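Going from the sequence shown to this note's numbering is simple: count from 1 and add 1.
C-beta: ideal position from N, C-alpha, C; glycine also.
Since the structure is predicted, the reported quantities are computational estimates derived from the model, not experimental observations.
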Amino acid sequence: MAGQWAETQQPTDWLDAAFHDAPVAYTPPPAQGDDDRLLRLRLIRSRRVGPATYLRLLAEHGSAAAALEALPDVAAAAGVQKYEVCPEPVVLAELRAAARVGARMICLGDPEYPATLAEITDAPPVIWTIGRTSLMARPCVALVGTRNASSLGARMTRKLAAELGEAGFTVVSGLARGIDAIAHGKSLETGTIAVMAGGVDVVYPTENAEIAAQIAETGLRLSEQPFGLQPQARHFPRRNRIVSGLAQGVIVVEAAARSGSLITARCAADQGREVMAVPGHPMDSRASGANILLRDGATLVRGVDDVIEALGHPPQPANSASAMAQDLQRPAAPVGKQDGGLEARILAHLGPSPVAEDQMIRDLDASPRDMAQALAVLEMAGRVTRSAGGMVSAG
2 MAGQWAETQQ
12 PTDWLDAAFH
22 DAPVAYTPPP
32 AQGDDDRLLR
42 LRLIRSRRVG
52 PATYLRLLAE
62 HGSAAAALEA
72 LPDVAAAAGV
82 QKYEVCPEPV
92 VLAELRAAAR
102 VGARMICLGD
112 PEYPATLAEI
122 TDAPPVIWTI
132 GRTSLMARPC
142 VALVGTRNAS
152 SLGARMTRKL
162 AAELGEAGFT
172 VVSGLARGID
182 AIAHGKSLET
192 GTIAVMAGGV
202 DVVYPTENAE
212 IAAQIAETGL
222 RLSEQPFGLQ
232 PQARHFPRRN
242 RIVSGLAQGV
252 IVVEAAARSG
262 SLITARCAAD
272 QGREVMAVPG
282 HPMDSRASGA
292 NILLRDGATL
302 VRGVDDVIEA
312 LGHPPQPANS
322 ASAMAQDLQR
332 PAAPVGKQDG
342 GLEARILAHL
352 GPSPVAEDQM
362 IRDLDASPRD
372 MAQALAVLEM
382 AGRVTRSAGG
392 MVSAG
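Structural data, given as structure tokens:
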């Protein structure tokens, strides 16, 4: 029965047609032991049960057990016949998967549940965590942006992530390639949270497996999805509202005019969070989204001082002088190689603003000889412009 149910009634079907969509002003009490946690997990994993339905059922019936008992009648009233709640073996399998990787389940209403996330209207009823859950209790700032970061965008992200960590903020992002991965990498020692679109055990993209493992050791990985769930396109906007929900503010470093980062910024605005952006060159499409946000009233960010001016100092700044010393000794993580050879990687990194050739060598982890040859090819093809002082810009 459990296997058949899993094939025909996916626990994320509430994304399409939940029984209730309107927010409910109700916070459940803390989960009462393992049995109550199992029942709450069965409830949220049941078909067409989203955060609003979950809260409404708990508010009306007082417990997860009573809510599960009432759920078939709720489904029948909505025109869904022969409805079955999520079978117990399905959630038991999820709990066993969690135990294998040392994951911890936190329910909405538990003392460990992050207060900022609990404030949003569609807070996830259950989150799975791997790593340091204490990071959720610290002031958080989200750093998000394009998967195709420019050299300047990457440098700005490293600078902001390091400075935010030293100021006492936890850096939150979505573990995507580009800006997200750079932000996580630079804040590993001071504290970072990766919000995942699929299961907390499913690393996407796979190229971020190494940093995901590091985050599990020194930071925190978090997801509301079932174990083993491969992320689909519709899961990413849901993930983004958790990224912004955890944070006091969201900083967009680079983003196209239509991008997931702008969805995160919109979620932040809807949740009453501070929306911030790093300005970019108007001729660089990767900066268009951030520039649009600034035009529409987002806070301009040039460095951590602008963030602190907007959000205030964290109440307990991190004392991480030793971490800073270690960080200064460690070279910046190289940007992952992309298909198409060094020429393609150079083009993906460059924008209208000139970048020093020496900086490109460091950013792309290339030898000076290979860089010189690749730039010569691109210059002859009219794809890059080289100027005095070893500066390079796009076409």
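Using beta-carbon positions only, say whether Ser-152 and His-350 come within less than 8 Å of one another.
Along the sequence shown, read from residue 1 onward, the residue named residue 152 stands at position 151. Along the sequence shown, read from residue 1 onward, the residue named residue 350 stands at position 349. Contact flag set, yes.
Using DSSP's beta-bridge definition, name the partner residues of His-223.
Taking the first residue of the sequence shown as position 1, residue 223 is located at position 222. First, the amino acid is wrong: residue 223 is Leu here, not His. In the DSSP output, where bridge partners are listed per residue, Leu-223 has Thr-130, Val-196.
Could you tell me whether the region 94-111 touches the region 183-194, using the rule of 3 or more Cβ pairs below 8 Å?
no
For Glu-1, which three-state DSSP category applies?
Residue numbering for the chain in the displayed model covers 2 to 396; residue 1 lies beyond these limits and cannot be assessed.
What's the call for Thr-54, buried or exposed, on a 16-neighbour Cβ count within 10 Å?
As a working note, residue 54 is residue 53 in the sequence shown. Its Cβ being crowded by 16 or more others within 10 Å, Thr-54 is buried.
By alpha-carbon positions, which one of Val-196, Val-172, Thr-158 ends up nearest to Gly-179?
To locate residue 179, count along the sequence shown from 1; it is residue 178. Ranked by Cα distance from Gly-179, the first of Val-196, Val-172, Thr-158 is Thr-158.
Taking 8 Å as the threshold (C-beta atoms), are Ser-224 and Trp-129 in contact?
One-based indexing of the sequence shown puts residue 129 at position 128. One-based indexing of the sequence shown puts residue 224 at position 223. Cβ atoms of Trp-129 and Ser-224: closer than 8 Å.
Between Leu-312 and Arg-296, what straight-line distance do the alpha-carbon atoms span, to the nearest angstrom?
To locate residue 312, count along the sequence shown from 1; it is residue 311. To locate residue 296, count along the sequence shown from 1; it is residue 295. Between Leu-312 and Arg-296, the C-alpha separation is close to 20 Å.
Please report the residue range of the alpha helix (DSSP H) in which Arg-105 lies.
Numbered from 1 along the sequence shown, position 104 holds the residue referred to as residue 105. Per DSSP, Arg-105 belongs to no alpha helix (DSSP H); it is in the beta strand (DSSP E), 105-108.
Leaving out the 5 sequence neighbours to the left and right, which residues in its chain are closer than 6 Å to Ala-76 when beta-carbon positions are compared?
Residue mapping note: residue 76 aligns to position 75 of the sequence shown, counting from 1. Taken in chain order, the residues that qualify are Tyr-84.
Using DSSP with H/G/I as helix, E/B as strand and the rest coil, what is Leu-136?
Counting from one through the sequence shown, the residue named residue 136 turns up at place 135. Here Leu-136 sits in helix by DSSP.
Applying the 10 Å Cβ sphere with the 16-neighbour rule, what's the burial state of Tyr-114?
Stepping through the sequence shown from its first residue, residue 114 is reached at position 113. Buried, because 16 or more other Cβ atoms sit within 10 Å of the Cβ of Tyr-114.
In this structure, does DSSP put Cys-268 in helix, strand or coil?
Numbered from its first residue, the sequence shown carries residue 268 at position 267. Of the three classes helix, strand and coil, the one that applies to Cys-268 here is helix, per DSSP.
Check whether the region 138-148 and the region 235-255 touch, using three or more Cβ-Cβ pairs below 8 Å as the test.
yes
Please look up how many angstroms separate the CB atoms of Gly-200 and Phe-228, rounded, as I've assumed it's under 8 Å.
What you label residue 200 is simply residue 199 of the sequence shown in a count that begins at 1. What you label residue 228 is simply residue 227 of the sequence shown in a count that begins at 1. Rounded, the Cβ-Cβ distance is 5 Å, consistent with contact.
Out of Asn-149, Leu-44, Val-127, Glu-61, which one is the CA nearest neighbour of Gly-444?
The question about residue 444 has no answer, for the chain in this structure spans 2 to 396.
Could you give the first and the last residue of the continuous beta strand (DSSP E) run that contains Leu-144?
On the sequence shown, residue 144 is found 143 positions in, with the first residue counted as 1. Segment 141-145, the beta strand (DSSP E) holding Leu-144.
Name, in chain order, the residues that DSSP records as bridge partners for Met-392.
The residue labelled residue 392 in the question sits at position 391 within the sequence shown. Note: Met-392 sits in a beta bridge opposite Ala-357, Ser-388.
Find the nearest neighbour of Ala-375 within the set Ala-345, Tyr-27, Ala-60, judged by alpha-carbon distance.
For the purposes of this step, residue 375 is identified with residue 374 of the sequence shown, where counting begins at 1. If we check each option's Cα against that of Ala-375, Ala-345 comes out closest.
Can you tell me whether Val-173 is helix, strand or coil according to DSSP?
If you number the sequence shown from 1, residue 173 lands on position 172. Residue state, collapsed to three classes: strand.
Here's the rule I'm using: 16 or more other beta-carbon atoms within 10 Å means buried, otherwise exposed. How should Gly-154 be labelled?
Locating residue 154 in the sequence shown gives position 153, where the first residue counts as 1. Answer is buried; the Cβ neighbour count reaches 16.
Just to confirm before moving on: does the CB-CB distance between Ile-121 and Gly-103 stay below 8 Å?
Reading the sequence shown from its first residue, position 120 is the one you call residue 121. Reading the sequence shown from its first residue, position 102 is the one you call residue 103. Taking 8 Å as the Cβ cut-off, Ile-121 and Gly-103 do not qualify as a contacting pair.
Would you decide whether Gly-51 is buried or exposed? Buried here means 16 or more other CB atoms lie within 10 Å of its CB.
By 1-based counting over the sequence shown, the position of residue 51 is 50. Flag for Gly-51 reads buried.
Residue range of the beta strand (DSSP E) that Val-253 falls in?
Translated into positions along the sequence shown, residue 253 becomes position 252. Under the DSSP assignment, Val-253 falls in the beta strand (DSSP E) whose first and last residues are 250-253.
Do Val-204 and Leu-230 count as a contact pair if the criterion is CB distance below 8 Å?
Along the sequence shown, read from residue 1 onward, the residue named residue 230 stands at position 229. Along the sequence shown, read from residue 1 onward, the residue named residue 204 stands at position 203. No, they are not a contact pair.
For Val-302 and Val-253, I'd like the C-alpha separation in whole angstroms.
Start at 1 with the first residue of the sequence shown, and residue 302 comes out as number 301. Start at 1 with the first residue of the sequence shown, and residue 253 comes out as number 252. Approximately 9 Å between the Cα atoms of the pair.
Following the continuous alpha helix (DSSP H) through Ala-299, name the residue where it begins and the one where it ends.
The sequence position of residue 299 within the sequence shown is 298, counting from 1. Premise fails: Ala-299 is in no alpha helix (DSSP H) and is neither H nor E.
Determine the contact status of Arg-41 and Ala-65, defining contact as a CB-CB distance below 8 Å.
The residue you call residue 41 lines up with position 40 of the sequence shown. The residue you call residue 65 lines up with position 64 of the sequence shown. Against a cut-off of 8 Å, the Cβ pair of Ala-65 and Arg-41 comes out as a contact.
Note down, in chain order, each residue of its chain lying with its Cβ closer than 7 Å to the Cβ of Gln-330, except the 5 sequence neighbours on either side.
If you number the sequence shown from 1, residue 330 lands on position 329. Low local confidence applies: a pLDDT of 34 at Gln-330 is under 50, so the model's placement there is unreliable, and no value is given.
Between Thr-134, Ala-177, Leu-144, which has its C-alpha nearest Leu-1's C-alpha?
There is no way to answer for residue 1, as the model of the chain reaches only from 2 to 396.
Is it the case that the region 208-216 contacts the region 265-281, given that we only count it when at least three CB pairs across the two stretches are under 8 Å?
no
With the cut-off set at 8 Å, would you say Asn-209 and Ala-234 are in Cβ contact?
Along the sequence shown, one-based indexing puts residue 209 at 208. Along the sequence shown, one-based indexing puts residue 234 at 233. In this structure, the beta-carbon distance from Asn-209 to Ala-234 does not fall below 8 Å.
Taking 8 Å as the cut-off, decide whether the C-beta atoms of Gly-391 and Asp-366 are in contact.
Within the sequence shown, residue 391 is the residue found at index 390, counting from 1. Within the sequence shown, residue 366 is the residue found at index 365, counting from 1. No.
Tell me the rounded alpha-carbon separation between Asp-285 and Leu-294.
Position 284 of the sequence shown, counted from the first residue, corresponds to residue 285. Position 293 of the sequence shown, counted from the first residue, corresponds to residue 294. Cα to Cα, the separation comes out at about 15 Å.
In this structure, does DSSP put Gly-63 in helix, strand or coil?
As a working note, residue 63 is residue 62 in the sequence shown. Coil at Gly-63, not helix or strand.
Can you tell me where the alpha helix (DSSP H) with Asp-181 in it begins and where it stops?
Numbered from its first residue, the sequence shown carries residue 181 at position 180. From DSSP, the alpha helix (DSSP H) with Asp-181 extends over 180-187.
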